[in-house]
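Encoded as structure tokens, the structure appears first; notes follow it.
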Ligand code: DAH
């Protein structure tokens, strides 16, 4: 019986050593230590032993059982550890690998210039207001003193949505909405998209951007206009930039001017960008026409004001030396990534 016990034990240990996983270990435990297991079976045979032999044999079997239990527990623990180590190894991250490049978004150059403009004008006390892109004839033309027979009202120049509804051709419409809603003193800029039925080429697009400016108060003169625009030009183009007013005509201002700045490309000497003149036109402006003030319920005897409309696209192309306005609207990432 003793020999049989030894044989079972040796067999169990060998099998345990060869066990590959938890399931196999559990099967061994049942096979040897379970209720119907081999060691239990030996205990059951002890009835045939003499009373002196029985306790000795019983002790031996119990020892063998305990030994086997310990070995099983140790092996289980070892396998668990090995499995964990393997898992950690499999999940190791190689931090020396170069990182994947993340495609970060950037501001569109038009937005960068617009943000600068907003900073400049708000620092001079202007508020930023918004106006609708779909406008009525009333706000886009009528109140701005643009007569019925003005060519801008032609279908060829303006996108009409219905008889009196159009895509605004100028941010000047925001002047009227502002004056209807605010009492002087007024100091606002209104940036936004404008639309004209223009053929697309290197300098024209049916959609472009303007920034409208409006100041209305008592005693506002052309000097105020010049001061504000000079300050703006110096901030955008640098202190050496000269500003030139040329007489012009807009139905909603009197007198009206077009404003040039020294060409940022050649510094005024004359080059391809300024077509040899040394100057670049950047905006239209003037003193708000008394009819416009009157149409908004502001007494032109008491108040005066100036207004200006800046082309944001031109400002952006000259600042970044962009040769074709279409690049601003095509959203080609290879182009946009350069800013
Ligand atoms: N609205 C004009 C345009 O689109 C620009 C302009 C000129 C705006 C004179 C003004 C202004 O406010 O006073 O060409």
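Residue numbers (our numbering): 48 to 386.
We treat Cβ as the ideally placed atom computed from N, Cα and C, and that holds for glycine.
Between the CA atoms of residue j and residue i - distance to the nearest angstrom
i           : j           : result
residue 79  : residue 98  : 25 Å
residue 348 : residue 173 : 24 Å
residue 136 : residue 119 : 26 Å
residue 179 : residue 227 : 15 Å
residue 192 : residue 364 : 31 Å
residue 366 : residue 159 : 11 Å
residue 249 : residue 330 : 19 Å
residue 272 : residue 153 : 34 Å
residue 274 : residue 168 : 12 Å
residue 102 : residue 125 : 34 Å
residue 170 : residue 146 : 42 Å
residue 139 : residue 92  : 54 Å
residue 301 : residue 292 : 14 Å
residue 53  : residue 87  : 14 Å
residue 164 : residue 208 : 31 Å
residue 222 : residue 386 : 32 Å
residue 184 : residue 316 : 43 Å
residue 383 : residue 155 : 7 Å
Chain-order list of residues whose beta-carbon lies under 8 Å from that of residue i (same chain, five-residue window excluded)
i           : result
residue 244 : 202, 203, 204, 205, 206, 253
residue 256 : 157, 161, 238, 239, 240, 241, 358, 359, 360
residue 270 : none
residue 96  : 48, 104
residue 346 : 340
residue 233 : 225, 226, 261, 262, 263, 264, 352
residue 68  : 126
Of the listed residues the options, nearest to residue i (C-alpha basis)
i           : options            : result
residue 197 : 82, 181, 320, 299  : 299
residue 111 : 183, 211, 247, 89  : 89
residue 210 : 100, 176, 132, 200 : 200
residue 285 : 268, 296, 272, 312 : 312
residue 188 : 220, 386, 372, 292 : 220
residue 266 : 216, 334, 212      : 334
residue 352 : 336, 376, 77, 342  : 336
residue 114 : 304, 57, 190       : 57
Own chain partners of residue i with C-beta closer than 7 Å, once the 5 adjacent residues on each side are dropped
i           : result
residue 310 : 318, 320, 321, 325, 326, 327
residue 290 : 276, 277, 280, 306, 308
residue 224 : 178, 186
residue 85  : 55, 78, 79
Three-way DSSP call (helix, strand, coil) for residue i in this model
i           : result
residue 292 : strand
residue 403 : Beyond the ends of the chain as shown, which are 48 and 386, falls residue 403; an answer cannot be given.
residue 177 : coil
residue 334 : strand
residue 167 : helix
residue 327 : strand
residue 257 : strand
residue 193 : coil
residue 72  : helix
residue 135 : helix
residue 185 : helix
Neighbourhood of residue i by C-beta distance below 6 Å, restricted to the same chain and skipping five residues each side
i           : result
residue 260 : 236, 355
residue 231 : 263, 264, 350
Any C-beta of chain D under 8 Å from that of residue i
i           : result
residue 337 : The structure shown contains no chain D, having only a single protein chain.
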